[in-house]
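Count along the sequence shown from 1, add 394, and you get the number used in this note's numbering.
Even for Gly, the Cβ is constructed at its ideal location relative to N, Cα and C.
Bear in mind that the values here come from a model prediction, so they are computed numbers and not experimental data.
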Amino acid sequence: MFIFAWILRLSRCDVITMGDSKFDDYKRVLWREVLKTFMYLPYTGAFAAARRSKEYYQFLGFRAARVSAGYDSLSIQRIKAAAKELPVEEEVPFEHRSFIVVARLVPKKNLNTLLDAYVLYRNANVDPRKLHIFGDGPLERELREHANSLGIGQDVVFHGFVQAAEVCKQLNRSLALLLPSIEEQFGLVVIEAQALGVPVVVSDNCGARDELVRSGVNGFVVEAQNPKGLAFFMGMLSNDEELWSEMVRSSAAFAMRGDVVKFVEGVQHHLSLDGEK
(Lines of atoms letter the chains of each structure in order from A and count residues from 1; the text may use other names and numbers.)
(Lines give C-alpha, C1' and ligand atoms only; values in the text may rest on other atoms or scores of the structure.)
Protein backbone atom coordinates (compact mmCIF):
# COMPACT_ATOMS: atom_id res chain seq x y z
CA MET A 1 0.00 0.00 0.00
CA PHE A 2 2.85 2.39 0.79
CA ILE A 3 4.38 2.00 -2.69
CA PHE A 4 0.99 2.19 -4.39
CA ALA A 5 0.18 5.35 -2.43
CA TRP A 6 3.42 6.95 -3.65
CA ILE A 7 2.61 5.98 -7.25
CA LEU A 8 -0.77 7.69 -6.95
CA ARG A 9 0.76 10.72 -5.28
CA LEU A 10 3.41 11.07 -8.01
CA SER A 11 0.55 10.84 -10.52
CA ARG A 12 -0.85 14.01 -8.90
CA CYS A 13 -3.70 12.16 -7.19
CA ASP A 14 -4.94 12.91 -3.69
CA VAL A 15 -4.46 9.86 -1.49
CA ILE A 16 -6.71 9.52 1.57
CA THR A 17 -6.29 6.96 4.34
CA MET A 18 -9.29 5.79 6.35
CA GLY A 19 -9.48 4.35 9.84
CA ASP A 20 -10.92 4.57 13.34
CA SER A 21 -7.90 3.86 15.55
CA LYS A 22 -7.36 6.02 18.62
CA PHE A 23 -4.18 6.69 20.57
CA ASP A 24 -5.74 5.17 23.71
CA ASP A 25 -6.71 1.85 22.10
CA TYR A 26 -3.68 0.23 23.71
CA LYS A 27 -0.17 1.03 24.89
CA ARG A 28 1.76 2.78 22.11
CA VAL A 29 5.45 2.15 21.34
CA LEU A 30 7.47 5.16 20.20
CA TRP A 31 9.36 3.55 17.32
CA ARG A 32 6.14 2.13 15.86
CA GLU A 33 4.47 5.53 15.96
CA VAL A 34 7.48 7.09 14.23
CA LEU A 35 7.29 4.36 11.57
CA LYS A 36 3.59 5.05 11.05
CA THR A 37 4.35 8.74 10.54
CA PHE A 38 6.79 7.75 7.79
CA MET A 39 4.30 5.34 6.20
CA TYR A 40 1.68 8.09 6.00
CA LEU A 41 3.97 10.53 4.13
CA PRO A 42 2.37 9.95 0.69
CA TYR A 43 -1.14 10.55 2.00
CA THR A 44 -2.76 13.95 1.55
CA GLY A 45 -5.49 13.45 4.13
CA ALA A 46 -7.21 11.12 6.57
CA PHE A 47 -10.81 10.01 6.98
CA ALA A 48 -11.39 9.29 10.68
CA ALA A 49 -14.30 8.07 12.79
CA ALA A 50 -14.71 10.62 15.57
CA ARG A 51 -12.84 13.11 17.75
CA ARG A 52 -10.18 10.82 19.23
CA SER A 53 -9.39 9.13 15.92
CA LYS A 54 -9.07 12.57 14.31
CA GLU A 55 -6.66 13.60 17.06
CA TYR A 56 -4.64 10.43 16.51
CA TYR A 57 -4.22 11.19 12.81
CA GLN A 58 -3.08 14.70 13.74
CA PHE A 59 -0.59 13.15 16.16
CA LEU A 60 0.74 11.13 13.21
CA GLY A 61 1.40 14.28 11.22
CA PHE A 62 -1.79 15.24 9.41
CA ARG A 63 -2.92 18.84 9.56
CA ALA A 64 -6.32 19.30 11.23
CA ALA A 65 -7.84 20.70 8.03
CA ARG A 66 -6.86 17.49 6.25
CA VAL A 67 -8.68 15.16 8.65
CA SER A 68 -12.44 14.60 8.37
CA ALA A 69 -14.83 12.50 10.44
CA GLY A 70 -17.71 10.20 9.54
CA TYR A 71 -15.79 7.08 8.53
CA ASP A 72 -17.85 4.87 10.88
CA SER A 73 -21.48 5.38 9.93
CA LEU A 74 -24.55 3.35 9.00
CA SER A 75 -27.81 3.87 7.16
CA ILE A 76 -30.37 4.84 9.78
CA GLN A 77 -33.12 4.15 7.25
CA ARG A 78 -31.87 0.59 6.73
CA ILE A 79 -31.73 -0.07 10.47
CA LYS A 80 -35.27 1.13 11.03
CA ALA A 81 -36.52 -0.89 8.07
CA ALA A 82 -34.79 -4.01 9.40
CA ALA A 83 -36.49 -3.65 12.78
CA LYS A 84 -39.90 -3.44 11.06
CA GLU A 85 -41.56 -2.35 14.26
CA LEU A 86 -42.90 0.76 15.93
CA PRO A 87 -40.56 3.18 17.74
CA VAL A 88 -38.99 1.49 20.76
CA GLU A 89 -41.06 3.28 23.42
CA GLU A 90 -44.33 2.16 21.77
CA GLU A 91 -43.41 -1.50 21.49
CA VAL A 92 -42.47 -3.86 24.33
CA PRO A 93 -43.60 -2.46 27.71
CA PHE A 94 -40.86 -1.03 29.92
CA GLU A 95 -41.24 -3.71 32.58
CA HIS A 96 -40.72 -6.52 30.04
CA ARG A 97 -37.48 -5.24 28.53
CA SER A 98 -34.04 -6.79 29.06
CA PHE A 99 -30.43 -5.72 28.73
CA ILE A 100 -28.68 -6.63 25.50
CA VAL A 101 -25.10 -7.18 24.37
CA VAL A 102 -24.20 -7.42 20.69
CA ALA A 103 -20.52 -8.31 20.37
CA ARG A 104 -17.91 -10.84 19.41
CA LEU A 105 -17.08 -12.99 22.42
CA VAL A 106 -13.44 -11.95 22.57
CA PRO A 107 -11.27 -10.53 25.40
CA LYS A 108 -11.42 -6.88 24.36
CA LYS A 109 -15.21 -6.83 24.78
CA ASN A 110 -14.69 -7.27 28.54
CA LEU A 111 -17.70 -9.54 29.02
CA ASN A 112 -16.36 -11.27 32.13
CA THR A 113 -16.44 -7.89 33.86
CA LEU A 114 -19.95 -7.37 32.53
CA LEU A 115 -21.06 -10.63 34.13
CA ASP A 116 -19.51 -9.50 37.42
CA ALA A 117 -21.47 -6.25 37.10
CA TYR A 118 -24.65 -8.16 36.34
CA VAL A 119 -24.28 -10.10 39.60
CA LEU A 120 -24.06 -6.82 41.53
CA TYR A 121 -27.08 -5.46 39.68
CA ARG A 122 -29.05 -8.66 40.23
CA ASN A 123 -28.30 -8.77 43.95
CA ALA A 124 -29.39 -5.15 44.40
CA ASN A 125 -32.75 -5.50 42.62
CA VAL A 126 -35.85 -7.42 43.64
CA ASP A 127 -36.97 -8.12 40.06
CA PRO A 128 -33.79 -8.04 37.92
CA ARG A 129 -34.00 -8.08 34.16
CA LYS A 130 -32.38 -10.75 32.03
CA LEU A 131 -29.20 -10.21 30.06
CA HIS A 132 -29.25 -11.34 26.42
CA ILE A 133 -25.92 -11.78 24.63
CA PHE A 134 -25.86 -11.92 20.82
CA GLY A 135 -22.63 -12.95 19.17
CA ASP A 136 -20.15 -15.81 19.06
CA GLY A 137 -16.44 -16.18 19.57
CA PRO A 138 -13.66 -18.12 21.30
CA LEU A 139 -14.71 -17.09 24.82
CA GLU A 140 -18.26 -18.46 24.65
CA ARG A 141 -17.56 -21.55 26.74
CA GLU A 142 -15.56 -19.57 29.31
CA LEU A 143 -18.32 -16.96 29.62
CA ARG A 144 -21.01 -19.61 30.05
CA GLU A 145 -18.96 -21.27 32.77
CA HIS A 146 -18.34 -17.93 34.46
CA ALA A 147 -22.06 -17.12 34.42
CA ASN A 148 -22.87 -20.50 35.95
CA SER A 149 -20.17 -20.13 38.61
CA LEU A 150 -21.68 -16.78 39.60
CA GLY A 151 -25.14 -18.34 39.88
CA ILE A 152 -26.64 -16.26 37.07
CA GLY A 153 -26.73 -18.88 34.33
CA GLN A 154 -30.53 -18.86 34.30
CA ASP A 155 -30.66 -15.09 33.74
CA VAL A 156 -27.93 -14.73 31.11
CA VAL A 157 -29.02 -15.98 27.68
CA PHE A 158 -26.41 -16.70 24.99
CA HIS A 159 -27.98 -16.57 21.53
CA GLY A 160 -24.89 -16.99 19.38
CA PHE A 161 -24.44 -15.26 16.04
CA VAL A 162 -27.51 -13.74 14.38
CA GLN A 163 -27.92 -11.75 11.18
CA ALA A 164 -28.06 -7.94 11.14
CA ALA A 165 -31.83 -7.78 10.69
CA GLU A 166 -32.36 -9.94 13.77
CA VAL A 167 -29.95 -7.73 15.75
CA CYS A 168 -32.11 -4.72 14.90
CA LYS A 169 -35.29 -6.52 15.96
CA GLN A 170 -33.78 -7.58 19.28
CA LEU A 171 -32.36 -4.12 19.97
CA ASN A 172 -35.81 -2.69 19.38
CA ARG A 173 -37.17 -4.89 22.20
CA SER A 174 -34.41 -4.09 24.69
CA LEU A 175 -34.04 -1.78 27.66
CA ALA A 176 -30.44 -0.75 26.96
CA LEU A 177 -27.35 -1.78 25.03
CA LEU A 178 -24.25 -2.61 27.11
CA LEU A 179 -20.76 -2.19 25.61
CA PRO A 180 -18.07 -2.21 28.35
CA SER A 181 -15.08 -2.86 26.06
CA ILE A 182 -11.50 -2.38 27.22
CA GLU A 183 -10.62 -1.64 23.58
CA GLU A 184 -13.17 -0.37 21.06
CA GLN A 185 -12.12 1.73 18.09
CA PHE A 186 -15.73 2.84 17.54
CA GLY A 187 -18.66 0.48 18.17
CA LEU A 188 -21.09 0.55 15.25
CA VAL A 189 -23.75 -1.19 17.32
CA VAL A 190 -24.18 2.10 19.21
CA ILE A 191 -25.48 3.65 15.98
CA GLU A 192 -27.92 0.76 15.56
CA ALA A 193 -29.20 1.19 19.11
CA GLN A 194 -29.67 4.94 18.78
CA ALA A 195 -31.43 4.57 15.44
CA LEU A 196 -34.06 2.61 17.35
CA GLY A 197 -34.09 4.92 20.35
CA VAL A 198 -32.36 2.47 22.70
CA PRO A 199 -30.18 4.00 25.47
CA VAL A 200 -26.61 2.73 25.79
CA VAL A 201 -24.12 2.13 28.59
CA VAL A 202 -20.63 2.19 27.10
CA SER A 203 -17.08 2.25 28.40
CA ASP A 204 -15.00 5.39 28.01
CA ASN A 205 -12.80 3.38 25.61
CA CYS A 206 -15.61 3.24 23.07
CA GLY A 207 -14.88 5.62 20.18
CA ALA A 208 -18.57 6.15 19.46
CA ARG A 209 -19.08 7.93 22.75
CA ASP A 210 -17.17 10.99 21.45
CA GLU A 211 -19.92 11.96 19.02
CA LEU A 212 -22.91 9.83 19.94
CA VAL A 213 -23.17 9.47 23.73
CA ARG A 214 -23.78 12.15 26.32
CA SER A 215 -23.70 10.61 29.79
CA GLY A 216 -26.95 11.23 31.62
CA VAL A 217 -28.68 12.35 28.42
CA ASN A 218 -28.96 9.36 26.08
CA GLY A 219 -27.02 6.81 28.09
CA PHE A 220 -24.09 6.49 30.44
CA VAL A 221 -20.30 6.33 30.08
CA VAL A 222 -18.40 4.20 32.61
CA GLU A 223 -14.84 3.00 33.14
CA ALA A 224 -14.29 -0.43 31.58
CA GLN A 225 -12.95 -1.98 34.80
CA ASN A 226 -15.67 -0.59 37.04
CA PRO A 227 -18.32 -3.31 37.49
CA LYS A 228 -19.87 -1.48 40.44
CA GLY A 229 -20.40 1.65 38.34
CA LEU A 230 -21.82 -0.38 35.47
CA ALA A 231 -24.22 -2.15 37.84
CA PHE A 232 -25.30 1.22 39.25
CA PHE A 233 -26.22 2.57 35.83
CA MET A 234 -28.01 -0.67 34.95
CA GLY A 235 -30.07 -0.26 38.10
CA MET A 236 -30.95 3.34 37.26
CA LEU A 237 -32.25 2.41 33.81
CA SER A 238 -33.99 -0.69 35.13
CA ASN A 239 -35.91 1.05 37.91
CA ASP A 240 -36.69 4.53 36.60
CA GLU A 241 -39.14 4.44 33.70
CA GLU A 242 -39.27 8.23 33.48
CA LEU A 243 -35.47 8.42 33.12
CA TRP A 244 -35.48 5.62 30.56
CA SER A 245 -38.25 7.26 28.51
CA GLU A 246 -36.34 10.55 28.44
CA MET A 247 -33.21 8.73 27.29
CA VAL A 248 -35.21 6.97 24.58
CA ARG A 249 -36.25 10.33 23.18
CA SER A 250 -32.72 11.71 23.45
CA SER A 251 -31.23 8.63 21.79
CA ALA A 252 -33.47 9.05 18.78
CA ALA A 253 -32.49 12.71 18.58
CA PHE A 254 -28.79 11.74 18.39
CA ALA A 255 -29.31 9.04 15.76
CA MET A 256 -28.51 11.13 12.68
CA ARG A 257 -25.02 11.83 14.03
CA GLY A 258 -24.18 8.27 13.01
CA ASP A 259 -26.01 8.24 9.68
CA VAL A 260 -24.27 7.51 6.39
CA VAL A 261 -24.79 11.16 5.43
CA LYS A 262 -21.84 11.87 7.74
CA PHE A 263 -19.69 9.63 5.56
CA VAL A 264 -20.76 11.60 2.51
CA GLU A 265 -19.91 14.87 4.26
CA GLY A 266 -16.47 13.50 5.11
CA VAL A 267 -15.83 12.60 1.48
CA GLN A 268 -17.06 15.98 0.31
CA HIS A 269 -14.64 17.66 2.72
CA HIS A 270 -11.66 16.05 0.99
CA LEU A 271 -13.03 16.73 -2.49
CA SER A 272 -13.19 20.42 -1.62
CA LEU A 273 -9.47 20.58 -0.75
CA ASP A 274 -6.38 20.85 -2.93
CA GLY A 275 -3.59 18.26 -2.98
CA GLU A 276 -1.39 19.66 -0.21
CA LYS A 277 -0.93 17.61 2.95
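The Cβ atoms of H490 and I527 do not sit closer than 8 Å to each other. Taking 8 Å as the cut-off, the beta carbon of I546 is found closer than this to the beta carbon of L509.
Within the DSSP secondary-structure output, I494 pairs in a beta bridge with H526 and L571. With a threshold of 16 other beta carbon atoms within 10 Å, W638 meets it and is buried. Contact check for D604 against R460 fails: the beta carbons are separated by 8 Å or more. Per DSSP, the unbroken beta strand (DSSP E) holding S597 starts and ends at V594 to S597. Cβ-Cβ separation between A477 and L624: approximately 26 Å, too far for a contact (criterion under 8 Å). DSSP places G613 within a strand segment (E or B) once states are collapsed to three. Leaving aside the five residues that flank L505 on each side, the residues in its chain whose CB is nearer than 6 Å to its CB run, in chain order, L537.
About 15 Å separates the CB atoms of F648 and L582; that is not less than 8 Å, and the two are not in contact. The Cβ atoms of Q579 and A443 sit closer than 8 Å to each other. For T431, the CB contacts under 7 Å within the same chain, skipping 5 residues up- and downstream, are L454 and G455 in chain order.
With distances taken between CA atoms, Y465 lies nearest to K448 out of V594, K448, G629 and P593. Annotation: I585 is outside any beta strand (DSSP E); the continuous alpha helix (DSSP H) that includes it extends over V583 to A589. Here DSSP, grouped into helix, strand and coil, assigns V520 to coil. Rounded to the nearest whole angstrom, the CA to CA distance from P532 to L667 is 45 Å.
Scanning its chain for C-beta atoms nearer than 8 Å, with the 5 sequence neighbours on each side dropped, one finds around R498 the residues G529, D530 and G531, in chain order. Per DSSP, the continuous alpha helix (DSSP H) segment holding F627 begins and ends at P621 to N633. Here the alpha carbon of S467 sits roughly 6 Å from the alpha carbon of F657.
Assigned with DSSP and collapsed to three states, A440 falls in strand. Residue pairing by DSSP leaves G545 without any beta bridge partner. Per DSSP, M395 lies in no alpha helix (DSSP H) and is assigned neither H nor E. Rounded to whole angstroms, the gap between the alpha carbons of R567 and H540 is 26 Å. Within the same chain, and ignoring the five residues on either side of V584 in sequence, the residues whose Cβ sits closer than 6 Å to its Cβ are V594, A602 and L606.
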